[in-house]
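S.K.: The sequence shown begins at 4 in the working numbering and counts up by one.
Once you've had a glance at the structure underneath, I'll fire off some questions.
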Amino acid sequence: MNKTILACALALALPFAAHAADTNDGNWHGSGEAGLALASGNAKSQNLNAKLTLKKEDDLWKYDFFLEAQRSKANVKTYYVIPPATAGGAYTIGTGSSYDLTANRYNAGASAGYKFDDRSYIVGALRYEHDAFSPYTYQYTASIGYGYQVLKNAADELSFEVGPGYKVIQPIAPTFVDNSVNPPLITKGPKPDSESGVVLRGLVNYKHNFNDSTSLVNTLLVEGNGDNTYLQNDLGLQVKMSDRLALKAGYQVRHNTDVTVGKKTDQLLTTNLVYGF
4 MNKTILACAL ALALPFAAHA ADTNDGNWHG SGEAGLALAS GNAKSQNLNA KLTLKKEDDL
64 WKYDFFLEAQ RSKANVKTYY VIPPATAGGA YTIGTGSSYD LTANRYNAGA SAGYKFDDRS
124 YIVGALRYEH DAFSPYTYQY TASIGYGYQV LKNAADELSF EVGPGYKVIQ PIAPTFVDNS
184 VNPPLITKGP KPDSESGVVL RGLVNYKHNF NDSTSLVNTL LVEGNGDNTY LQNDLGLQVK
244 MSDRLALKAG YQVRHNTDVT VGKKTDQLLT TNLVYGF
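Shown next, in the form of structure tokens:
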């Protein structure tokens, strides 16, 4: 069953060009957005986030692609051991700072949907995520499912997708602290085995246009089974400055219901410049 899901998802998500000649040609369109913050002086930091989206739709097929990245560096506190000044004395722990990575995440995905009519379609989707500071170093999912366009008018757009998928995740290695020795011994545990299994994938896309220049967009992704459920919600408010340029405020929440180490929830607040094409 796992191989069937993967094969069907690949068959639907990859052959974009093969079917374009059989339909009315739709043009690719999309947007690129980025935000950058730099600080120096008493505090030093770099924060960069970027996202690219591409879409295409014709009489029979609809395609979506996205690529997003987040990378941050900042002064972080470090600890080091100070040996005793005299024999038999106690070790002490000193603190300092180093300029190091604090976020390093990449997320990419693609989907292709074959339309039965103006509202219903079957969809295959692929997604890969790498996050150096998450409970899972990487995770990727291949899925197939049914999609339905609930609303599509000048003010509102609402669609959903649901179906089975196959997911592989790589938990991070645990860190062990041995307090029985002086100074405490900190060691990195062995890399755990990757975990895989069938999941249920759900996707809800909603867009509301307040007027010609201001819109609200929300995307909810759910990938889950009995072991762990991953949820990601992206909320964005976008205001156009011209036909091509816009400002966008975004709020992202990522949540795993079961993690071996680390926190279950990550949040990201962004303000980006968007270029549409």
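Cβ atoms here follow ideal geometry from the backbone N, Cα and C, with glycine treated the same way.
Note that the structure is a prediction, hence the values are computed from the model and not measured.
1) At 3 residues or longer, and completely inside the stretch 103-135: list those beta strand (DSSP E) runs for me, N to C.
2) Ordered along the chain, which non-local residues of its own chain (more than five positions away) have a Cβ less than 8 Å from that of I125?
3) At the level of alpha carbons, what is the spacing between D230 and P87?
4) Taking all protein chains shown into account, decide if S43 is buried (16 or more other Cβ within 10 angstroms of its Cβ) or exposed.
5) If you draw a straight line from the C-alpha of K210 to the C-alpha of L161, how long is it?
6) Let me make sure I understand the geometry here. Which of T268, K58, T190 and L206 has the alpha-carbon closest to that of V153?
7) Is the CB-CB distance between A37 and A53 below 8 Å?
8) Could you give the residue range of the beta strand (DSSP E) that holds P167?
9) Could you check whether the stretch 263-272 touches the stretch 58-70, counting it as contact only if at least three pairs of C-beta atoms, one from each stretch, sit closer than 8 Å?
10) What is the DSSP secondary structure of G265, counted as helix, strand or coil?
11) Evaluate A128 with the Cβ neighbour count: other Cβ atoms within 10 Å of its Cβ, from every protein chain shown; 16 or more gives buried, anything less gives exposed.
12) Which residue's Cα is closest to the Cα of V225: G166, D62, K65 and S34?
13) Ordered along the chain, which non-local residues of its own chain (more than five positions away) have a Cβ less than 6 Å from that of S199?
14) Tell me whether N27 sits in a helix, a strand or coil according to DSSP, three-state version.
15) Have a look at H258, S245 and T217 and flag the residue whose alpha-carbon is nearest the alpha-carbon of A252.
16) Going residue by residue through the stretch 32-85, where are the continuous beta strand (DSSP E) segments of at least 3 residues, counting only ones entirely within it?
17) Where do the ends of the beta strand (DSSP E) carrying D237 lie?
18) With DSSP run on the structure shown, which of helix, strand or coil describes K191?
M.R.: This is what the structure holds:
1) 123-134
2) For this step, residue 125 is matched to residue 122 along the sequence shown. Only L15, G116, Y117, F119, I147, G148, Y149 and G150 meet the Cβ criterion.
3) Taking the first residue of the sequence shown as 1, we reach residue 230 at position 227. Taking the first residue of the sequence shown as 1, we reach residue 87 at position 84. One C-alpha to the other measures close to 48 Å.
4) Against the sequence shown, residue 43 aligns to sequence position 40. So S43 ends up on the exposed side.
5) By one-based count along the sequence shown, residue 210 stands at place 207. By one-based count along the sequence shown, residue 161 stands at place 158. Between K210 and L161, the C-alpha separation is close to 7 Å.
6) Here residue 153 refers to the residue found at position 150 of the sequence shown. Of T268, K58, T190 and L206, the residue nearest in Cα terms is L206.
7) Here the question's residue 37 lines up with position 34 in the sequence shown. Here the question's residue 53 lines up with position 50 in the sequence shown. Cβ distance < 8 Å, so A37 and A53 count as in contact.
8) By one-based count along the sequence shown, residue 167 stands at place 164. D159 to P174 is the span of the beta strand (DSSP E), which, as asked, contains P167.
9) no
10) As a first step, residue 265 must be located in the sequence shown, where it is residue number 262. Here G265 sits in coil by DSSP.
11) Position 125 of the sequence shown, counted from the start, is the residue given in the question as residue 128. With 16 or more Cβ atoms within 10 Å of its Cβ, A128 is classed as buried.
12) Here residue 225 refers to the residue found at position 222 of the sequence shown. Comparing Cα-Cα distances from V225 to each of G166, D62, K65 and S34, the minimum goes to G166.
13) To locate residue 199, count along the sequence shown from 1; it is residue 196. Closer than 6 Å at the Cβ level, and outside the excluded window around S199, lie V171.
14) Position 24 of the sequence shown, counted from the first residue, corresponds to residue 27. With a pLDDT of only 47 at N27, under 50, the local geometry of the prediction cannot be trusted, and the value read off the model is given with reservation. Reduced to three states, the DSSP call for N27 is coil.
15) Your numbering for residue 252 matches position 249 in the sequence shown. Considering only alpha carbons, the answer is T217.
16) 32-42, 48-60 and 64-85
17) Indexing the sequence shown from 1 puts residue 237 at position 234. Per DSSP, D237 belongs to the beta strand (DSSP E) from T232 to K243.
18) Against the sequence shown, residue 191 aligns to sequence position 188. Residue state, collapsed to three classes: strand.
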